[in-house]
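Numbering (the working numbering), first residue to last: 6 to 197. Glycine is no exception: its CB is placed at the ideal position from the N, C-alpha and C atoms. Predicted model only: the values in this text are computed from it and were never measured.
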C-alpha cells in the first residue's frame, strides 16, 4: 500500500487559514506551524526604530525608489512551489511594488533588504533557515538584529556574515547606496 503525497500548498491557501495564534509560513509548498513568537518591548522598539530610520532615509535620499514595510510583512518569495513568509521589516524596490495589484495582500517578490529582529524564543536554526530562504529567493541583503547584544549581523550571498555593534555603522552597500545607519540608533537611547 502506498501513501499518496499531497500536492504543494499555495500562498492563497495560507491566506485562508484562521488567525488563531499559530505562526504559519510556507516553504516550498509545505506548511510550517509553530506557536506565535512572544515578542517583547525590545523587539518592538527595534522594529519601530528600523522602520523610522529606513523610511526617513528613503524619503530624503536620492537613491533608487524603494518602499519600506514593517510589522510581519507577508511576502511570497517564490512560486511553484510557493514560499511565503512574514518579515519584520523589508525594503522593496519600486519595480516589485509596481507589480502588486489592489487585491494583493502579500507582496510577491523578494525584497532588496529583509530584516529579522530576534525575539527571546527564536531558535538559531530557524533564523539560519530564514536567511537562506531570503538569499536563495534573490534578496540581496539580510540583517539579523539582536536587541539583547545590540548588534546587526549582515548576510549577503556568497559572503561571510559581518557583525556590527553600537559603535559602528551598517550600510546598504551597492544594493541601497547611501544607506548608512548608526547601529546605536537602531536601539534608541541607552536605558530606554
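Could you please give me the residues that DSSP links to residue i through a beta bridge?
| i | result |
| --- | --- |
| residue 158 | 149, 168 |
| residue 88 | 83 |
| residue 200 | Coverage of the chain is limited to positions 6 through 197, which leaves residue 200 absent and any answer about it impossible. |
| residue 144 | Per DSSP, none; premise fails for residue 144. |
| residue 98 | 71 |
Pull up the distance between the alpha-carbon of residue i and that of residue j, whole angstroms please.
| i | j | result |
| --- | --- | --- |
| residue 2 | residue 45 | In the structure as shown, the chain starts at 6 and stops at 197, and residue 2 therefore has no counterpart that could be examined. |
| residue 55 | residue 34 | 31 Å |
| residue 16 | residue 104 | 17 Å |
| residue 49 | residue 147 | 18 Å |
| residue 121 | residue 150 | 6 Å |
| residue 130 | residue 136 | 10 Å |
| residue 41 | residue 183 | 36 Å |
| residue 11 | residue 90 | 21 Å |
| residue 188 | residue 175 | 6 Å |
| residue 70 | residue 47 | 30 Å |
| residue 170 | residue 177 | 16 Å |
| residue 93 | residue 106 | 22 Å |
| residue 164 | residue 18 | 35 Å |
| residue 132 | residue 138 | 10 Å |
| residue 154 | residue 67 | 32 Å |
| residue 84 | residue 29 | 17 Å |
| residue 100 | residue 74 | 15 Å |
| residue 179 | residue 193 | 26 Å |
| residue 23 | residue 86 | 22 Å |
Between the beta-carbon of residue i and the beta-carbon of residue j, is there less than 7 Å?
| i | j | result |
| --- | --- | --- |
| residue 51 | residue 191 | yes |
| residue 116 | residue 144 | yes |
| residue 186 | residue 58 | yes |
| residue 159 | residue 167 | yes |
| residue 162 | residue 181 | no |
| residue 88 | residue 31 | yes |
| residue 36 | residue 20 | no |
| residue 72 | residue 97 | yes |
As a quick exercise: from the options, pick the residue whose alpha carbon is nearest that of residue i.
| i | options | result |
| --- | --- | --- |
| residue 119 | 70, 79, 182, 26 | 79 |
| residue 25 | 39, 84, 142 | 39 |
| residue 152 | 74, 53, 27, 179 | 53 |
| residue 77 | 100, 134, 111, 86 | 111 |
Compare the C-beta of residue i against all C-beta atoms of chain B and say whether one is closer than 7 Å.
| i | result |
| --- | --- |
| residue 98 | The structure shown contains no chain B, having only a single protein chain. |
- Task: Assess, as a yes-or-no matter, whether the segment 61-68 is touched by the segment 126-142 under the definition of 3 or more beta carbon pairs within less than 8 Å.
- Result: no
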